[in-house]
Structure formats: C-alpha cells, structure tokens
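K.L.:
My structure is below; once you've seen it, I'll send some questions.
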Amino acid sequence: MKNILLLASVLFLSSCLSTGSGKPIIQGGSASGYIGCYNGVCTEFLPKKNKNGVILTSTGVQYELASSSTTSKKMLGRETLNIETLYVGKSCDTFSKRHGKGYWGWNSSGFNVEFKSIKFVFSNQQLDIDKDVADGCHL
159 MKNILLLASV LFLSSCLSTG SGKPIIQGGS ASGYIGCYNG VCTEFLPKKN KNGVILTSTG
219 VQYELASSST TSKKMLGRET LNIETLYVGK SCDTFSKRHG KGYWGWNSSG FNVEFKSIKF
279 VFSNQQLDID KDVADGCHL
C-alpha cells in the first residue's frame, strides 16, 4: 500500500512540474516556451522545430530573478528588448545573425547556447529535440 501511495505521489508531482512536452513549467514563465538568461536579463523564447533542429525566438518579455535560485522568475512586463533568434542545430551547432556561430549543450541543470561573446542559459529546462541528437550534445 505504501508503494502505491508513493508511486501516486511521484506521478502527481511529475504532472505538476511538466507540460507533457518535455518542457518544465517555470514560475512566471510560459508552458509553451523557454526562459533564457543572458547578461543578467531573462527573456522568454518560443521554439519552432524544423528539419535542422529548433529555432528559438525571444518575445521581448523580460524577467528578473525572484530569488538566488534560477528556477524562480517573475515577469517585469513587456519591455523593448532586442529580439534574439537562435538557430539550434542537430550537430550541437548554433547560429545567430547578431552573434555568429556557436554551440549548444545540456547537462543535469538545463541547457546552454553559447557564442564567442555571449552565453544564453536555460536553467532547469530541456530542449525539445530528438533524444539521439541531445545525447551527443552533453556539456
């Protein structure tokens, strides 16, 4: 009986923390997108899958850290931010018109998209990309 209750609790918590699409829900964020931080600014990125990987486009909605934890964010409101478009490839490669070529990878604390001059950190989130591809892009 204890095992059944434990299993039910785990399943309930899992459903609360995930959208079912592989992307965790971030407090103050969107279930349909990701929250990425760079240079002390956090913004929402909306994904669009294609045959080469995923295109992440920022929405201009700015967030700030609500605490020292990167998993808790609150919305400041719509601000005029530069719209970033990140092309995240299946070969662990990335491209941005603004930042040039780079790479991406994941670890147990999320995924990063890195260029020579800037690093986008997506804490506690999983990129919705083929598992075989993601396995090769470990940081």
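Positions 159 to 297 (this note's numbering) are the ones given, in order, by the sequence shown. Don't be surprised by glycine CBs; every beta carbon is placed ideally from N, CA and C. As the structure is a prediction and not an experimental result, all values here were calculated from the model.
DSSP on D293, reduced to helix/strand/coil?
P.N.:
DSSP places D293 in helix when its eight states are reduced to three.
K.L.:
I need the boundaries of the beta strand (DSSP E) containing G198, first residue and last residue.
P.N.:
Careful: G198 lies outside any beta strand (DSSP E) and carries neither H nor E.
K.L.:
Got a sec? Which residues, its chain only, sit under 6 Å from F269 by beta carbon, not counting five neighbours each side?
P.N.:
Excluding sequence neighbours, F269 sits near F280 and L285.
K.L.:
So for E242, helix, strand or coil by DSSP?
P.N.:
Three-state result, E242: coil.
K.L.:
Out of G218, E202, K274 and D288, which has the shortest C-alpha to C-alpha gap to H257?
P.N.:
Nearest of G218, E202, K274 and D288 to H257, Cα basis: K274.
K.L.:
May I ask which residues mark the beginning and end of the beta strand (DSSP E) holding D251?
P.N.:
Unbroken beta strand (DSSP E) run through D251: D251 to S254.
K.L.:
So for K277, helix, strand or coil by DSSP?
P.N.:
In this structure, K277 counts as strand in the three-state DSSP scheme.
K.L.:
Compare the C-alpha of T217 against each of N208, D251 and Y192 and name the closest.
P.N.:
Of N208, D251 and Y192, the residue nearest in Cα terms is Y192.
K.L.:
Under a Cβ-count criterion, where at least 16 other Cβ atoms within 10 Å of its own Cβ denotes burial, should Q185 be classed as buried or exposed?
P.N.:
In this predicted model, Q185 has a pLDDT of only 34, less than 50, meaning its place in the structure is not dependable; the value taken from the coordinates is given anyway. Classification for Q185: exposed.
K.L.:
Around the Cβ of T294, are there at least 16 other Cβ atoms within 10 angstroms (buried) or fewer (exposed)?
P.N.:
A small fix is needed here, since residue 294 is Gly in this sequence, not Thr. Exposed, since its Cβ has fewer than 16 Cβ neighbours within 10 Å.
K.L.:
The beta strand (DSSP E) spanning K259 covers which residue range?
P.N.:
G258 to N265 is the span of the beta strand (DSSP E), which, as asked, contains K259.
K.L.:
For L204, which three-state DSSP category applies?
P.N.:
Strand, per DSSP.
K.L.:
Measuring straight from C-alpha to C-alpha, what distance separates Y221 and V199?
P.N.:
Each residue's Cα considered, the two are about 7 Å apart.
K.L.:
Using only CA atoms, which one of L244, S249, K255 and E272 lies nearest to K206?
P.N.:
Here the closest residue by C-alpha is L244.
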